[in-house]
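> Quick one: structure below, then a few questions.
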Amino acid sequence: YIILLNCCSVINQLDAEPAVNNADTTTEQSTNNNVIEQTVAGGNDYSLTALQLSYGLLQIAEPPLARARGQLKELIGKQNKIYIDLSKEKYKLDCSEVAKLNEMMNDVRRYKEKLAKIKKEMQNIYQRTKVLKKRAAYVATCKQRDYQRKLEKQQHEESLIGTH
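FYI, the numbering for the sequence shown is 127 to 290, going by the numbering used here.
Here it is in structure tokens:
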């Protein structure tokens with residue numbers, strides 16, 4: 127907990143100072159060392175070792191964090207640009223194109239209904255032809271039977287006439 131408190135105090139002190147170029151790292155290190163010495167000399171209960179440890183930890187963690195912060199800013203900028211581009215494309219569709227799209231959707235719906243109606247009619251016709259074929263087959267067998275009976279009756283009559 128003390129180390130975190132030390133880290134926070136060092137971070138706050140470093141954030142309060144203006145940023146310097148990478149070429150001035152020696153002056154930055156001496157300034158930070160002065161801050162550490164001032165903190166120890168100021169009467170705080172922080173030990174010099176803890177402050178130096180905090181400072182070293184900051185030296186290790188700060189460059190990757192700064193790089194990550196820069197990458198995040200870049201990504202957010204790109205994301206905003208993409209959002210703006212998508213918004214522009216969205217508004218490029220004018221009313222006539224939207225109306226055409228709605229008309230096409232209505233045509234699709236109408237054609238789908240027509241297709242369903244035609245399919246139903248075709249099934250109805252198929253069922254009727256199936257019944258008619260069955261009926262035609264029954265009529266054909268009935269006619270065949272009637273013809274067969276007629277022939278048998280005629281043959282029977284001829285046999286009766288022939289025996290007299």
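No residue lacks a Cβ here, since even glycine has one placed at the ideal position from N, Cα and C.
Values in this document were obtained by computation on a predicted structure and should not be read as measured data.
Just verifying my parser: in three-state terms, what is the DSSP assignment at S213?
If you number the sequence shown from 1, residue 213 lands on position 87. Helix, per DSSP.
> Taking the straight line between their C-alpha atoms, what separation do you get for S173 and I208?
Reading the sequence shown from its first residue, position 47 is the one you call residue 173. Reading the sequence shown from its first residue, position 82 is the one you call residue 208. S173 and I208: Cα-Cα distance of roughly 51 Å.
> Is S285 helix, strand or coil by DSSP?
Taking the first residue of the sequence shown as 1, we reach residue 285 at position 159. In the three-state reduction of the DSSP assignment, S285 falls in the helix class.
> When we look at the beta-carbon of S113 and count the other beta-carbons within 10 Å, is it buried (16 or more) or exposed?
One cannot answer for residue 113 here, as it falls past the ends of the chain, which runs 127 to 290.
> What do you get for L201, buried or exposed, if any count of 16 or more other CB atoms within 10 angstroms of its CB means buried?
If you number the sequence shown from 1, residue 201 lands on position 75. L201 counts as exposed, since fewer than 16 other C-beta atoms from the protein chains shown sit within 10 angstroms of its C-beta.
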